[in-house]
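Numbering (the UniProt record's numbering), first residue to last: 1 to 94. Beta carbons: idealized from backbone N, C-alpha and C, even for Gly.
Structure representation (structure tokens):
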């Protein structure tokens, strides 16, 4: 272990156990957290310029969110958010 700079065991520590007290100086390098490889989903909003498609989308998303709101009352915020994202992605795929 190259990161241990100095270590010492103290046998005289009276802790009522068969363990010994260890003191060590160590050198640790913290790693940067890796970023997620997933990219956010892009929606084709140009389709909403067509009035017929826009009306169909409003009806679909309105009905889905009403059902989602009814189910959200007894859920955690994280679970409700996941359902919101899944519902939105499912509707926009069509």
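Report yes if the CB atom of residue 52 is closer than 9 Å to the CB atom of residue 71, and no otherwise. no
What are the partner residues of residue 26, as DSSP defines its beta bridges? 4
For the region 29-71, which segments carrying the alpha helix (DSSP H) assignment without a break, of at least 4 residues, lie completely within its bounds, in sequence order? 51-71
Please report the straight-line C-alpha distance between residue 27 and residue 8, rounded to a whole angstrom. 16 Å
Within this structure, are the beta carbons of residue 91 and residue 67 separated by less than 9 Å? no
According to DSSP, residue 10 sits in a beta bridge with which residue or residues? 21
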